[in-house]
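Chains as they are written, first to last, in numbering that gives the first Met the number 0: chain A, 0 to 503; chain B, 0 to 225.
Structure, as structure tokens:
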Amino acid sequence: MDEVVASGVLPARCREGGGGPTPDPVAGRIPRDDPASYRGDMTTGTVRQRTPGASADLLRAMARPGFLVSRWSLRAIAYTATTVVIGLITMMVATPLYMPWTAVAIALLEPPIGTVGDPSQLVLVLLVGLILIVCFGPLLSLPLAAVERRRLRLVSPRPAESGHRVPPPGLWGWIRVRYTEAATWREVVYLFLLLPLTFLIIVVMGTLVSFTLVLLMGPFLVEDVPGAQISLGPLAATTTEEALPLTLLSPVTLLAAVYLCGVTSYGHGSLARALLVGPPKEELRAELTEVTHSRARLVDAFEYERRRIERDLHDGAQQRLVALNMDLGMARLDVDENSEADRRLAAAQRKADELITELRELVRGIHPRVLTDRGLPAALAELADHSPVPVTVQADLPRRPPSHVEGTAYFVVAEALTNVYKHTEANAATVHAFLAPGAHGDTLVVEVTDYGPGGADPVRGSGLTGMRDRVAVMGGTMDLSSPQGGPTRIRVELPCTIDRTDPR
Amino acid sequence: MHDRPDGPEVTPVPTVLAEDGVLLREGLVGVLERFGFPVVAAVGDGDALIEAVDEHRPGLVVTDIRMPPDFTDEGLRAAVELRRRNADLAVVALSQYVELSYASDLLDSGQGHGVGYLLKQRVGDVREFASVLRRVVEGATFVDPEVVRQLLRRRSDPLERLTPREHEVLALMAEGHSNGAIARRLTVSDAAVGKHVGNILAKLDLPPDEDVHRRVQAVLAYLRGN
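Okay, structure coming up:
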């Protein structure tokens, strides 16, 4: 997938950079061979996709001469107008949230006006303000953000999805997720930025609009009210004749107002997009797929490495040790029994023998040969044989699951049996493995049950977490049931359909 | 000097050896020749083993279980095939690790007469190794003590019914010892061993059919874990 994106982006860039009419064949090839430039391009590609000028279309429209008669000017005006409405409503509703801060600011800037003079009182007020924001800020900012994301489409037609997660059912779950999300607090920040923004828009736009109206109505105003004067900086008019030329200025201020609408809408839209909008869902999904795949590839790579190490130890070190041991045995035939030399040779043989046993146990821990050679039922039976707790294995598999599924199932059972031995006083355990046919292919189900005291905590214990992770990599599920008094049962389901390369 | 193990009373048994590791193969050839198993062919994979046996008609086959090309159980499959063609051919399989299903595959062939399954590391004790080979050539069954030890740990119903002493006797039976040898090892009388063996066979529900080698059947019953 990366390759496709890269090859789609890179040649175009090379053409731009090279300046020539035909793409340089060397320049066109370099990025794919050179990891540094490959990475660089991928990064800019991602950045460009994520945070372009929030309403670049609006900006481009403003640069064109036809802006005033385009729908973009109407959109900008509508956006600014609705901003004023929304901003005023927010200002009223959110008063309790910013009042303490305003009070403190006033007290600090102009002590005589402020109602609080004592520093400890200031701190108290600030604390109350903070608590109010933490408690009620999200309650106001969440609906505001929802409205603002809809309104954002006026000036920025690209999809504007929130960055919120889907909360678990129940009020508590909702509170826990919403109050801990960065997206929520970005929205609170937006709420507080909206207030001064609204204020600024009202002042500037109000001025421009009233100028326009006054200039337009100038001749009538001075005519109706004798002695009245229109003054606009150095320009002033007291009579209709004087006011008439000023009327011609009204289109200029109107023009300025519309363009300013465009500029503020652009800025406001960019701000809203930065604070209220999460990354596009498809992009997240694609990234998640990529991460899932790379995680699975990593696990495969580790598995492959383990098998390679196992093979090397088996065919290299172990064979040599056996040959050494045999040479020592042959040497013993040529020395007198019970002689010093014979005793030394016997001792050397014992050491070699221990080393071989040790190496065999080590190899078994890395990757059981029997799993590769004879499949899961044989490997599970061998696990059971090595378990200090008596284990009954019932494994009925009509065909062999893919090797990575076998490997995961083996790992899970090995971990589970280790847990049984280490953490419970169970004196019996059973392992049950079978294939459950389903609509999308087989599922390997493995159940490990121990008849211990139960009450296992699924959260604690890195063993359980490790098992869950291994199972999740294979797209499987793991359930733990451990009522007080037992029995404890771990049930793992592993789909056998994931099509992946299988390094042996 | 030790007394020569390959004295004139020992009949040479032509042997075919299959082992892919060159180092180990040469060592094994040395051991086999020394103890009266002249190696008529030393090969490195399963197909070559079958060819060599067809050509030389040996009295004993010693084979590694894992060999090229797949390094799984080529040697074992070749051995089972050879036993299928000629049930009297003595075969000893060497395994890197304990794998009970390997053992039972091999012991199932030819009703378990003249087969041996042992861990590779046992060849270090060359005298014991040679004595195992000799017993297998004479028609005994030999299962590695480690395999037997693991089998005895399996809690299956017939096993539960055996007393600890009967376990011991069965373990020695699986190693191919006669009643007399078992009696000497456990320092009990032959009659006592005979009684234990009878009890074991009864507890394993083995039919009193004289045609069947019941001792081997008892070992096989363990290997199948029933």
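Even for Gly, the Cβ is constructed at its ideal location relative to N, Cα and C.
Note that the structure is a prediction, hence the values are computed from the model and not measured.
#1: Write down the C-beta distance between G20(B) and Q318(A) rounded to the nearest angstrom, noting that I regard them as a contact closer than 8 Å.
#2: If we ignore side chains and look at the alpha-carbon of each, how far apart do T45(A) and E282(A) end up?
#3: Report back the beta-carbon spacing between E492(A) and G475(A) to the nearest angstrom; my notes put them in contact at under 8 Å.
#4: What residues from chain B crowd round I355(A), counting only those whose CB sits closer than 7 Å?
#5: Which residues in chain B sit within 8 Å of V430(A), going by Cβ to Cβ distance?
#6: Using a Cβ cut-off of 8 Å, which residues of the region 30 to 43 of chain B contact any Cβ in chain A, in chain order?
#7: Would you call V92(A) buried or exposed, if buried means 16 or more other Cβ atoms sit within 10 Å of its Cβ?
#8: For N85(B), does the count of other Cβ atoms within 10 angstroms reach 16, so buried, or fall short, so exposed?
#9: Nearest to P168(A) by CA position, among G162(A), R177(A) and E160(A), is which residue?
#10: Determine the direct distance from the alpha carbon of I489(A) to that of E405(A), and round the result to whole angstroms.
#11: Please tell me whether T71(B) has its Cβ less than 7 Å away from any Cβ of chain A.
#12: Could you tell me how far apart the beta carbons of E414(A) and I365(A) are, in whole angstroms, since I believe they sit closer than 8 Å?
#13: Report yes if the C-beta distance between V321(A) and L171(B) is below 7 Å; otherwise report no.
#14: Applying a beta-carbon distance threshold of less than 7 Å, which residues of chain A neighbour S100(B)?
#15: Under 8 Å Cβ-Cβ, which residues of chain A neighbour D124(B)?
#16: Strictly below 9 Å CB to CB, what residues from chain A border L23(B)?
#17: Which residues of chain B have a Cβ atom closer than 7 Å to the Cβ of A351(A), listed in chain order?
#18: Could one say the Cβ of Y116(B) lies closer than 7 Å to chain A's Cβ atoms, at least one of them?
#19: So that I know if they touch, is there some Cβ in chain B lying closer than 7 Å to that of D395(A)?
#20: What residue from L58(A), E147(A) and R59(A) has the CA that sits closest to G86(A)'s CA?
#21: DSSP on P34(A), reduced to helix/strand/coil?
#22: What's the call for P401(A), buried or exposed, on a 16-neighbour Cβ count within 10 Å?
#23: Is D299(A) close to chain B? Criterion is C-beta to C-beta, closer than 7 Å.
#24: Taking C-alpha atoms, which residue in E424(A), H431(A) and L67(A) lies nearest to G454(A)?
#25: With a CB to CB cut of under 8 Å and the five nearest residues on each side skipped, what residues in its chain are close to L416(A)?
#26: Is there contact here, the region 74 to 84 of chain B with the region 121 to 135 of chain B, by at least three beta-carbon pairs under 8 Å?
#27: When the Cα atoms are used, what is the spatial distance from G162(A) to P64(A)?
#28: Helix, strand or coil for G440(A) per DSSP?
#29: Does D449(A) get closer than 7 Å to chain B when you measure Cβ to Cβ?
#30: Using only the alpha-carbon positions, how far apart do S94(B) and P166(A) sit?
#31: Alpha carbon to alpha carbon, what distance is there between T10(B) and L132(B)?
#32: Buried or exposed: where does V215(B) fall if 16 or more other Cβ atoms within 10 Å of its Cβ makes it buried?
#33: Could you confirm whether any beta carbon from chain B is found closer than 7 Å to the beta carbon of H313(A)?
#34: Helix, strand or coil for Q120(B), going by three-state DSSP, please let me know.
#35: By alpha-carbon positions, which one of V12(B), I64(B) and E50(B) ends up nearest to K119(B)?
#36: T407(A) and M473(A): beta carbons closer than 7 Å?
With the given structure in hand:
#1: Taking the first residue of the second sequence as 1, we reach residue 20(B) at position 21. Taking the first residue of the first sequence as 1, we reach residue 318(A) at position 319. Sure, about 4 Å apart at Cβ, within 8 Å.
#2: Here residue 45(A) corresponds to residue number 46 of the first sequence, with the count starting at 1. Here residue 282(A) corresponds to residue number 283 of the first sequence, with the count starting at 1. Any reading at T45(A) is ruled out, since the residue's pLDDT is 38, under 50, leaving its predicted position unreliable.
#3: Locating residue 492(A) in the first sequence gives position 493, where the first residue counts as 1. Locating residue 475(A) in the first sequence gives position 476, where the first residue counts as 1. So it is a contact: roughly 5 Å between Cβ atoms.
#4: Within the first sequence, numbered from 1, the residue matching residue 355(A) stands at position 356. The contacting residues are Q120.
#5: To locate residue 430(A), count along the first sequence from 1; it is residue 431. Among the residues of chain B, none has a CB under 8 Å from the CB of V430(A); the nearest is roughly 13 Å distant.
#6: Listed in chain order, the positions of the region 30 to 43 of chain B with a beta carbon within less than 8 Å of a beta carbon of chain A are V30 and R33.
#7: Mapped onto the first sequence, residue 92(A) falls at position 93. Per the 10 Å Cβ criterion, exposed.
#8: One-based indexing of the second sequence puts residue 85(B) at position 86. N85(B) should be labelled exposed.
#9: Numbered from its first residue, the first sequence carries residue 168(A) at position 169. Ranking G162(A), R177(A) and E160(A) by Cα distance to P168(A) puts R177(A) first.
#10: Here residue 405(A) refers to the residue found at position 406 when the first sequence is read from its first residue. Here residue 489(A) refers to the residue found at position 490 when the first sequence is read from its first residue. Distance between the alpha carbons of E405(A) and I489(A): 17 Å.
#11: The sequence position of residue 71(B) within the second sequence is 72, counting from 1. Yes, because at least one Cβ of chain A sits closer than 7 Å to the Cβ of T71(B).
#12: As a working note, residue 414(A) is residue 415 in the first sequence. As a working note, residue 365(A) is residue 366 in the first sequence. Not really, about 15 Å apart at Cβ, beyond 8 Å.
#13: Here residue 321(A) refers to the residue found at position 322 of the first sequence. Here residue 171(B) refers to the residue found at position 172 of the second sequence. Not in contact: V321(A) and L171(B) (Cβ atoms no closer than 7 Å).
#14: In the second sequence, the residue the question calls residue 100(B) occupies position 101. Chain A residues near S100(B): R373 and A377.
#15: Within the second sequence, the letter at position 125 stands for residue 124(B). Residues of chain A passing the Cβ test: G328 and Q348.
#16: The residue given as residue 23(B) occupies position 24 in the second sequence. In chain order: Q318, R319, V321, A322 and M325.
#17: Position 352 of the first sequence holds residue 351(A). Going along chain B in sequence order, the residues near A351(A) (Cβ under 7 Å) are G123.
#18: Here residue 116(B) refers to the residue found at position 117 of the second sequence. False, the Cβ-Cβ gap to chain A never drops below 7 Å.
#19: Taking the first sequence and counting its residues from 1, the one referred to as residue 395(A) is at position 396. False, the Cβ-Cβ gap to chain B never drops below 7 Å.
#20: Taking the first residue of the first sequence as 1, we reach residue 86(A) at position 87. The candidate whose alpha carbon is nearest that of G86(A) is E147(A).
#21: Start at 1 with the first residue of the first sequence, and residue 34(A) comes out as number 35. The predicted position of P34(A) is uncertain, since its pLDDT is 39 and thus under 50; a value taken from the coordinates is nonetheless stated next. Looking at P34(A) - three-state DSSP - the assignment turns out to be helix.
#22: Position 402 of the first sequence, counting from 1, holds the residue named residue 401(A). That one is buried.
#23: Here residue 299(A) refers to the residue found at position 300 when the first sequence is read from its first residue. No, its Cβ sits nowhere closer than 7 Å to a Cβ of chain B.
#24: Taking the first residue of the first sequence as 1, we reach residue 454(A) at position 455. Residue E424(A) is the option with its Cα nearest to G454(A).
#25: Residue numbering aside, residue 416(A) sits at position 417 when the first sequence is read from its first letter. For L416(A), same chain residues with a beta-carbon under 8 Å away, outside a window of 5 residues either side, are L382, A383, S386, V388, V390, A428, V430 and V447 in chain order.
#26: no
#27: For the purposes of this step, residue 162(A) is taken as the residue at position 163 of the first sequence. For the purposes of this step, residue 64(A) is taken as the residue at position 65 of the first sequence. Whole-angstrom Cα-Cα distance: 37 Å.
#28: Here the question's residue 440(A) lines up with position 441 in the first sequence. In the structure shown, G440(A) sits in a strand (DSSP, three-state: E or B).
#29: Position 450 of the first sequence, counting from 1, holds the residue named residue 449(A). By this cut-off, D449(A) is not an interface position.
#30: Locating residue 94(B) in the second sequence gives position 95, where the first residue counts as 1. Locating residue 166(A) in the first sequence gives position 167, where the first residue counts as 1. Those two C-alpha atoms are separated by around 56 Å.
#31: Taking the second sequence and counting its residues from 1, the one referred to as residue 132(B) is at position 133. Taking the second sequence and counting its residues from 1, the one referred to as residue 10(B) is at position 11. Distance between the alpha carbons of L132(B) and T10(B): 13 Å.
#32: Translated into positions along the second sequence, residue 215(B) becomes position 216. Counting Cβ neighbours within 10 Å, V215(B) comes out buried, since at least 16 surround it.
#33: Residue 313(A) sits at position 314 when you count from the first residue of the first sequence. Yes, H313(A) counts as interfacial toward chain B.
#34: Taking the first residue of the second sequence as position 1, residue 120(B) is located at position 121. Q120(B) falls in the helix class under three-state DSSP.
#35: Position 120 of the second sequence, counted from the start, is the residue given in the question as residue 119(B). Measuring from the Cα of K119(B), the nearest candidate turns out to be I64(B).
#36: Reading the first sequence from its first residue, position 408 is the one you call residue 407(A). Reading the first sequence from its first residue, position 474 is the one you call residue 473(A). Yes, the Cβ-Cβ distance between T407(A) and M473(A) is below 7 Å.
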